[in-house]
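Student:
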Amino acid sequence: MTEKYQSREERRKQQEAAKSNQKGKKKPKGSTGSIFKKIFLILVALGIIGIIGGAATFAFMVKDAPKLDSDTLKAAIPSEIYDTDGKLVTEVGTQRLEYVEYEDIPPLVRDAVIATEDSRFFKHHGVDPIRLGAAVIANFTQGFGAEGASTITQQVVKNYFLTADKTISRKAQEAWLSIQLERKYTKEEIFELYVNKVFMSERTTGIGTASQVYFGKDLSELTLPEAAMLAGMPQSPNNYNPFKHPDRAEKRRNVVLSLMHQHGYISESEMKEAQAASITASLVKEEERTQQGDIPYDGFIGQAIKEIEDKYPELNVYTDGLKIYTTLDTKAQDYVDQIMYENEIVPFPDEKFQAGITLLDTKTGEIRALGGNRNKDIDFGLNYATSVPRQPGSTIKPVLDYAPAIEYLKWGTYETIVDEPYKYSTGQTINNWDHKHLGALSMREALARSRNVPALKALQEVGLERAHEFANDLGLNLEEMVESNAIGGLKNGVTTVQMAGAYSAFGNNGYYTEPHSVKEIEFRDGTKINMAPKTEAVMNDYTAFMISDMLKSVVTSSYGTGQRANVPGLPVAGKTGTTNYSNDEMKKYGITSNGAVPDAWFVGYTTNYTAAIWTGYEERKNAILPGKDQQIAMKIFSNLMEYVSEDKKTADFTVPKTVQKVRVEKGSRPAKLASDYTPDSQVINEYAVKGNAPSAVSTKYKKLAGPSGAYAVYDQETNEIVLSWSAGDEASQYKVSVSLNGGAEQSLSTTSETGLRMSNPEPGGTYTFKIIAIKDNQQSNPATTSVTIPGTDEEENPEDIDGENNEDNNGNTPENDYGNPGNNNNGNQGNGNNGNNNGNGNGNGNGNGNGNGNGNNPTNPGQTPESPDDAAEDVDVPIEQQPPGTQNNNPAAPVQ
Numbered sequence: 001m002t003e004k005y006q007s008r009e010e011r012r013k014q015q016e017a018a019k020s021n022q023k024g025k026k027k028p029k030g031s032t033g034s035i036f037k038k039i040f041l042i043l044v045a046l047g048i049i050g051i052i053g054g055a056a057t058f059a060f061m062v063k064d065a066p067k068l069d070s071d072t073l074k075a076a077i078p079s080e081i082y083d084t085d086g087k088l089v090t091e092v093g094t095q096r097l098e099y100v101e102y103e104d105i106p107p108l109v110r111d112a113v114i115a116t117e118d119s120r121f122f123k124h125h126g127v128d129p130i131r132l133g134a135a136v137i138a139n140f141t142q143g144f145g146a147e148g149a150s151t152i153t154q155q156v157v158k159n160y161f162l163t164a165d166k167t168i169s170r171k172a173q174e175a176w177l178s179i180q181l182e183r184k185y186t187k188e189e190i191f192e193l194y195v196n197k198v199f200m201s202e203r204t205t206g207i208g209t210a211s212q213v214y215f216g217k218d219l220s221e222l223t224l225p226e227a228a229m230l231a232g233m234p235q236s237p238n239n240y241n242p243f244k245h246p247d248r249a250e251k252r253r254n255v256v257l258s259l260m261h262q263h264g265y266i267s268e269s270e271m272k273e274a275q276a277a278s279i280t281a282s283l284v285k286e287e288e289r290t291q292q293g294d295i296p297y298d299g300f301i302g303q304a305i306k307e308i309e310d311k312y313p314e315l316n317v318y319t320d321g322l323k324i325y326t327t328l329d330t331k332a333q334d335y336v337d338q339i340m341y342e343n344e345i346v347p348f349p350d351e352k353f354q355a356g357i358t359l360l361d362t363k364t365g366e367i368r369a370l371g372g373n374r375n376k377d378i379d380f381g382l383n384y385a386t387s388v389p390r391q392p393g394s395t396i397k398p399v400l401d402y403a404p405a406i407e408y409l410k411w412g413t414y415e416t417i418v419d420e421p422y423k424y425s426t427g428q429t430i431n432n433w434d435h436k437h438l439g440a441l442s443m444r445e446a447l448a449r450s451r452n453v454p455a456l457k458a459l460q461e462v463g464l465e466r467a468h469e470f471a472n473d474l475g476l477n478l479e480e481m482v483e484s485n486a487i488g489g490l491k492n493g494v495t496t497v498q499m500a501g502a503y504s505a506f507g508n509n510g511y512y513t514e515p516h517s518v519k520e521i522e523f524r525d526g527t528k529i530n531m532a533p534k535t536e537a538v539m540n541d542y543t544a545f546m547i548s549d550m551l552k553s554v555v556t557s558s559y560g561t562g563q564r565a566n567v568p569g570l571p572v573a574g575k576t577g578t579t580n581y582s583n584d585e586m587k588k589y590g591i592t593s594n595g596a597v598p599d600a601w602f603v604g605y606t607t608n609y610t611a612a613i614w615t616g617y618e619e620r621k622n623a624i625l626p627g628k629d630q631q632i633a634m635k636i637f638s639n640l641m642e643y644v645s646e647d648k649k650t651a652d653f654t655v656p657k658t659v660q661k662v663r664v665e666k667g668s669r670p671a672k673l674a675s676d677y678t679p680d681s682q683v684i685n686e687y688a689v690k691g692n693a694p695s696a697v698s699t700k701y702k703k704l705a706g707p708s709g710a711y712a713v714y715d716q717e718t719n720e721i722v723l724s725w726s727a728g729d730e731a732s733q734y735k736v737s738v739s740l741n742g743g744a745e746q747s748l749s750t751t752s753e754t755g756l757r758m759s760n761p762e763p764g765g766t767y768t769f770k771i772i773a774i775k776d777n778q779q780s781n782p783a784t785t786s787v788t789i790p791g792t793d794e795e796e797n798p799e800d801i802d803g804e805n806n807e808d809n810n811g812n813t814p815e816n817d818y819g820n821p822g823n824n825n826n827g828n829q830g831n832g833n834n835g836n837n838n839g840n841g842n843g844n845g846n847g848n849g850n851g852n853g854n855g856n857n858p859t860n861p862g863q864t865p866e867s868p869d870d871a872a873e874d875v876d877v878p879i880e881q882q883p884p885g886t887q888n889n890n891p892a893a894p895v896q
């Protein structure tokens with residue numbers, strides 16, 4: 001026992017000594033516990049600093065927040081529309097606004113709105129972090145747009161007090177004001193404000209008003225699917241407008257019904273039954289919809305409002321009290337309205353005949369005027385200028401075929417393309433409008449004559465992909481690219497705004513600005529949003545210039561299809577375009593005229609203005625018959641361009657440094673530069689991309705060495721003029737002509753000798769001889785010499801001078817021959833190639849008066865305007881046969 005005790009006692013003492021030693025030891029520096037403690041303290045300090053800094057930052061951002069004004073909350077303030085000079089044009093207010101008190105809002109409508117916009121509305125205090133997280137999850141699990149992050153309170157604040165500027169500062173102000181609003185107003189009052197402020201498309205504000213507009217009934221009468229549809233619209237009113245987009249409206253309604261079921265407002269069976277209901281069955285019929293009062297320039301103002309709604313859908317133009325600064329030129333718009341409505345400047349064939357007109361500033365892309373619909377009784381009606389795409393016909397050729405060929409292949413305006421029987425890559429035949437082929441043509445002439453085969457060949461050379469990209473850079477937004485697009489067979493068509501925008505880039509040295517009607521928006525607090533799009537370089541300046549120069553030939557050359565669009569004294573470039581009917585369509589619609597077309601276009605520009613004009617009927621079955629009606633688009637263009645250019649200096653298109661002028665031998669293939677000796681009649685003045693002009697020089701018209709040392713002397717003894725010259729090196733013959741006293745030149749002789757004699761010259765006369773060396777089809781420059789014959793001493797009979805009293809061979813005195821066409825002196829009037837141009841028959845002293853009429857028929861000289869082949873009666877080339885997969889797959893009748 002003693003030993004054990006001693007052992008225990010000893011062991012205890014040893015343990016106590018060990019503990020004492022451990023307590024006496026110091027911990028090493030940098031231990032883990034010390035580091036964690038420091039980090040914790042630093043984080044706490046940073047957190048405090050962050051809170052203070054965040055609070056200070058938040059305070060700074062909300063210091064300029066507007067005050068909650070009860071009058072503003074109740075008022076719907078109209079917006080003001082200004083023209084391009086800053087002058088007030090009109091106000092756009094809340095013509096459709098029926099205020100609904102909270103107690104008059106049915107539970108069905110309230111539940112639909114809360115389930116969709118803010119399911120925790122009655123639980124949060126203005127800002128809901130839980131809703132924010134739920135919205136993120138919902139967008140991932142149920143699809144984008146299933147639920148928004150902003151509370152109803154925040155939307156009220158945004159709609160009534162704040163701008164659409166999506167900045168951190170604005171969001172901070174929105175949160176701050178939402179909290180303040182919740183303190184000042186009850187949930188019921190806030191919900192009432194929301195329901196009555198929200199924009200519902202169709203120039204409608206408030207769900208109560210929308211119920212009348214879309215269903216013709218009060219809120220209390222709405223069914224579940226109807227209430228769900230209205231509750232879903234505020235997220236994107238125009239996109240979910242059931243009148244215009246029933247499919248989108250139905251999908252959105254079904255999302256709302258799903259949310260109502262999810263939050264316990266309706267059962268699953270109620271949801272499914274409502275989702276199966278027709279979206280259009282209970283809508284107000286189109287003929288029963290009420291229209292608003294007259295709005296000046298409604299076509300233009302409607303486009304301006306649409307631009308704002310598309311870019312900033314959260315804005316309500318009708319209630320937000322905006323100042324909208326547009327690009328409208330009221331003087332130009334007044335003239336366009338005269339054209340559209342008064343039927344005097346350009347007569348229309350009937351009341352159903354429609355037109356779409358877009359007038360742009362070439363340099364800025366600003367829309368100056370719009371002609372949207374000839375029915376002026378409906379405000380914001382169907383706009384043929386901006387909202388009705390039609391196939392463009394041959395107006396597409398500069399954009400899709402020839403400009404890309406210049407841009408990517410560096411073709412010159414002289415590039416030779418053969419107009420010949422040809423096929424698409426599919427093997428299907430492509431035809432020209434007249435089913436004829438003109439052989440080798442320059443690119444300029446092929447475009448001006450609007451031949452289809454050369455256009456397709458140009459597109460094929462460029463390639464579909466590059467042409468597609470080029471056209472879309474000009475705002476055409478083509479969805480698909482097939483070869484038939486080369487002549488205008490676009491699947492979805494284009495609008496006049498799109499075509500004007502594309503052509504304006506040619507007139508602006510290759511710079512494109514998206515056409516727009518709004519420059520700037522100013523909010524009630526003075527903040528502004530710049531709405532003008534950026535200008536971008538979309539092509540080289542050599543492409544823009546050469547297209548412009550060739551399009552000038554369309555309106556100014558004798559073979560151009562757009563001569564009726566020309567404005568004398570104004571440098572105008574432009575292109576005609578028509579479409580056609582397939583054989584099946586002609587049978588279906590009972591169209592018997594081969595020259596009838598559904599669409600007729602003209603798009604043109606100067607350096608100041610660009611105008612695109614479409615004409616036709618709303619329904620394709622109504623055809624534009626051959627003749628003057630197919631020229632209306634050109635007449636509108638020429639009248640409008642002349643009017644807006646009056647008293648305004650219009651510069652011509654300037655040749656850029658990247659372009660060089662070249663003289664090309666006519667008809668050479670491939671193109672050859674004209675030699676110094678090529679006759680002017682065989683030379684074309686064209687343009688090339690600098691450094692890419694033809695290198696080969698024509699030798700076809702090589703100049704012969706001409707005669708030299710020409711000398712004429714009078715031999716008095718023999719009463720002869722002796723003419724001599726030295727031979728040219730290669731000449732085989734010499735052609736000699738003579739004129740007396742500066743009069744008309746007459747052929748004297750063709751000889752292989754180097755001299756000749758002329759007997760019995762007139763005393764006192766001065767004879768001038770011209771000698772030209774010739775060999776085969778070549779000839780030299782002339783050599784000339786003169787000699788004067790001595791006079792006689794005999795007195796001349798005054799009455800015989802110039803033969804004034806002498807009768808001609810037909811017994812008529814010469815004084816009666818002048819200006820007396822059509823008599824025995826062979827003075828023929830109007831023997832020209834075109835019945836429109838009457839020649840002037842002028843009888844001369846020999847009784848040979850010939851009338852000269854210069855025909856303007858580009859393809860068939862000699863035809864009168866009544867001839868079916870007269871291109872002057874043609875607006876343009878139609879869309880011919882197209883490969884499978886395009887709109888018209890059947891052979892088309894030629895357009896005349």
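For the sequence shown, position 547 matches number 547 in this note's numbering, and the numbering has no gaps at all. Quick reminder that beta carbons are idealized off the backbone N, C-alpha and C, glycines included. Computed from a predicted structure; not experimentally measured.
1. Between D64 and Q154, what straight-line distance do the alpha-carbon atoms span, to the nearest angstrom?
2. Where does H261 fall in DSSP's three states?
3. Whole angstroms is fine: what's the gap from Y384's alpha carbon to I357's?
4. For T610, which residues in the same chain have their Cβ closer than 7 Å to its Cβ, ignoring the five residues on either side in sequence?
5. Would you list the residues sitting across from E536 in a DSSP beta bridge?
6. Give the secondary structure of N826 by DSSP, where H, G and I count as helix, E and B as strand, and everything else as coil.
7. Can you name the residues that DSSP bridges to F122?
8. Grab me the residues of N741's own chain with a C-beta within less than 7 Å of its C-beta, minus the 5 sequence neighbours each way, in chain order.
9. Taking the C-alpha atoms as reference points, what is the distance between N566 and A467?
10. Can you tell me whether E366 is buried or exposed, with buried defined as 16 or more other CB within 10 angstroms of its CB?
11. Considering only C-alpha positions, which residue in the set R564, A612 and A623 is nearest to Q631?
12. From N316 to G302, what does the alpha carbon distance come to, in whole angstroms?
13. Scan the stretch 423-479 and note each continuous alpha helix (DSSP H) run of 4 residues or more that stays entirely inside, going in chain order.
14. How big is the Cα-Cα spacing for Y402 and N540?
15. Taking Cβ to Cβ, would you say G371 is nearer than 8 Å to I339?
16. Can you give me the start and stop residues for the beta strand (DSSP E) that Y714 sits inside?
17. Roughly how many angstroms separate the alpha carbons of K397 and L625, rounded to a whole number?
18. At a cut of 8 Å, does the stretch 520-530 reach the stretch 306-325 through at least three beta carbon pairs?
19. To test your reading of the DSSP string, which unbroken beta strand (DSSP E) runs of 3 or more residues are found completely within the stretch 242-314?
20. Between E461 and L409, how many whole angstroms is the CB-CB distance? I'm expecting something under 8 Å.
21. Taking buried to mean at least 16 other C-beta atoms within 10 Å of its own C-beta, is G427 buried or exposed?
22. On the DSSP bridge assignment, give the partners of L673 in chain order.
23. If the criterion is Cβ atoms closer than 8 Å, does the pair I430 and V399 meet it?
24. Which residue marks the beginning of the beta strand (DSSP E) containing D577, and which one marks its end?
25. Rounded to whole angstroms, what is the Cα-Cα separation between I105 and I81?
26. Would you mind working out which of G216, A231, V554 and A696 sits nearest I207, comparing C-alpha positions?
27. Measuring CB to CB, does Y542 end up less than 8 Å from V659?
28. Taking DSSP as the reference, what is the three-state secondary structure of S34?
29. Could you name the residues of the same chain whose beta carbon sits closer than 6 Å to that of A471, not counting the 5 residues immediately before and after it, in chain order?
30. Would you kindly work out how many angstroms separate the C-alpha atoms of A573 and Y687, rounded to a whole number?
31. Measure the C-alpha to C-alpha separation of P349 and Y677 and round it to an integer number of angstroms.
32. Check whether the Cβ atoms of N509 and A544 lie closer than 8 Å to each other.
33. Excluding the 5 residues flanking S747 on each side, which residues of the same chain have their C-beta closer than 6 Å to its C-beta?
34. Roughly how many whole angstroms lie between the Cα atoms of G595 and E415?
35. Which runs of the beta strand (DSSP E) spanning at least 3 residues fall entirely within the stretch 594-618, listed in chain order?
36. Classify R757 as buried or exposed, calling it buried when 16 or more other Cβ atoms lie within 10 Å of its own Cβ.
Tutor: Let's see:
1. Translated into the one-based positions of the sequence shown, residue 64 becomes position 64. Translated into the one-based positions of the sequence shown, residue 154 becomes position 154. Below a pLDDT of 50, predicted positions are generally treated as unreliable, and D64, at 48, falls in that range; no measurement from the model is reported.
2. As a first step, residue 261 is located in the sequence shown; it is residue number 261 there, counting from the start. When secondary structure is reduced to three states using DSSP, H261 falls in the helix class.
3. Position 384 of the sequence shown, counted from the start, is the residue given in the question as residue 384. Position 357 of the sequence shown, counted from the start, is the residue given in the question as residue 357. Distance between the alpha carbons of Y384 and I357 is about 8 Å.
4. Here residue 610 refers to the residue found at position 610 of the sequence shown. Excluding sequence positions up to five before and after T610, its CB lies within less than 7 Å of the CB of L360, T362, A500, Y503, S504 and G507, all in the same chain and listed in chain order.
5. Position 536 of the sequence shown, counted from the first residue, corresponds to residue 536. Under the DSSP definition of a beta bridge, E536 partners with Y512.
6. For the purposes of this step, residue 826 is taken as the residue at position 826 of the sequence shown. In this prediction, N826 scores a pLDDT of 36, lower than 50, which makes its location untrustworthy; the coordinate-derived value is nonetheless stated afterwards. Coil, per DSSP.
7. Residue 122 sits at position 122 when you count from the first residue of the sequence shown. None; F122 has no bridge partner.
8. Here residue 741 refers to the residue found at position 741 of the sequence shown. The residues are G765 and T766.
9. As a working note, residue 566 is residue 566 in the sequence shown. As a working note, residue 467 is residue 467 in the sequence shown. Between the alpha carbons of N566 and A467 lies a distance of about 29 Å.
10. Numbered from 1 along the sequence shown, position 366 holds the residue referred to as residue 366. That one is buried.
11. Here residue 631 corresponds to residue number 631 of the sequence shown, with the count starting at 1. Comparing Cα positions, the closest option is R564.
12. Against the sequence shown, residue 316 aligns to sequence position 316. Against the sequence shown, residue 302 aligns to sequence position 302. Going from the Cα of N316 to the Cα of G302 covers about 14 Å.
13. Counting whole runs of 4 or more residues, the stretch 423-479 contains the alpha helix (DSSP H) stretches 443-449, 452-462 and 464-473.
14. As a first step, residue 402 must be located in the sequence shown, where it is residue number 402. As a first step, residue 540 must be located in the sequence shown, where it is residue number 540. So the alpha carbons of these two residues sit roughly 14 Å apart.
15. Taking the first residue of the sequence shown as 1, we reach residue 371 at position 371. Taking the first residue of the sequence shown as 1, we reach residue 339 at position 339. Yes; because the gap between Cβ atoms is below 8 Å, this pair is in contact.
16. The count along the sequence shown starts at 1 and reaches residue 714 at position 714. Bounds of the beta strand (DSSP E) holding Y714 are S708 to D715.
17. Start at 1 with the first residue of the sequence shown, and residue 397 comes out as number 397. Start at 1 with the first residue of the sequence shown, and residue 625 comes out as number 625. Roughly 24 Å separates the two Cα atoms.
18. Cβ pair count under 8 Å is three or more, so yes.
19. The stretch 242-314 contains no whole beta strand (DSSP E) run of 3 or more residues.
20. The residue given as residue 461 occupies position 461 in the sequence shown. The residue given as residue 409 occupies position 409 in the sequence shown. The distance from the Cβ of E461 to that of L409 is about 6 Å, consistent with a contact at the 8 Å cut-off.
21. Walking along the sequence shown from the start, residue 427 turns up at place 427. So G427 counts as exposed.
22. Here residue 673 refers to the residue found at position 673 of the sequence shown. Partner(s): V664 and V697.
23. Position 430 of the sequence shown holds residue 430. Position 399 of the sequence shown holds residue 399. No, the Cβ-Cβ distance between I430 and V399 is not below 8 Å.
24. Along the sequence shown, read from residue 1 onward, the residue named residue 577 stands at position 577. Note on identity: in this sequence residue 577 is Gly, with Asp being the wrong assignment. For G577, the uninterrupted beta strand (DSSP E) run begins and ends at A573 to T578, by DSSP.
25. Taking the first residue of the sequence shown as position 1, residue 105 is located at position 105. Taking the first residue of the sequence shown as position 1, residue 81 is located at position 81. Approximately 34 Å, taken between the alpha carbons.
26. On the sequence shown, residue 207 is found 207 positions in, with the first residue counted as 1. With distances taken between Cα atoms, I207 lies closest to A231.
27. As a position in the sequence shown, residue 542 is number 542, starting the count at 1. As a position in the sequence shown, residue 659 is number 659, starting the count at 1. A distance below 8 Å separates the beta carbons of Y542 and V659.
28. Residue numbering aside, residue 34 sits at position 34 when the sequence shown is read from its first letter. When secondary structure is reduced to three states using DSSP, S34 falls in the helix class.
29. Walking along the sequence shown from the start, residue 471 turns up at place 471. So the list reads V399, L400 and L478, once near-sequence residues are dropped.
30. Translated into positions along the sequence shown, residue 573 becomes position 573. Translated into positions along the sequence shown, residue 687 becomes position 687. Distance between the alpha carbons of A573 and Y687 is about 16 Å.
31. Here residue 349 refers to the residue found at position 349 when the sequence shown is read from its first residue. Here residue 677 refers to the residue found at position 677 when the sequence shown is read from its first residue. Rounded to the nearest angstrom, the two C-alpha atoms are 54 Å apart.
32. Position 509 of the sequence shown, counting from 1, holds the residue named residue 509. Position 544 of the sequence shown, counting from 1, holds the residue named residue 544. Result yes, Cβ atoms of N509 and A544 sit closer than 8 Å.
33. Translated into the one-based positions of the sequence shown, residue 747 becomes position 747. Cβ neighbours of S747 beyond the five flanking positions: S737.
34. Position 595 of the sequence shown, counted from the first residue, corresponds to residue 595. Position 415 of the sequence shown, counted from the first residue, corresponds to residue 415. G595 and E415: Cα-Cα distance of roughly 31 Å.
35. Entirely contained in the stretch 594-618, the beta strand (DSSP E) runs reaching 3 residues are, in chain order, 599-605 and 609-616.
36. The residue you call residue 757 lines up with position 757 of the sequence shown. With fewer than 16 Cβ atoms within 10 Å of its Cβ, R757 is classed as exposed.
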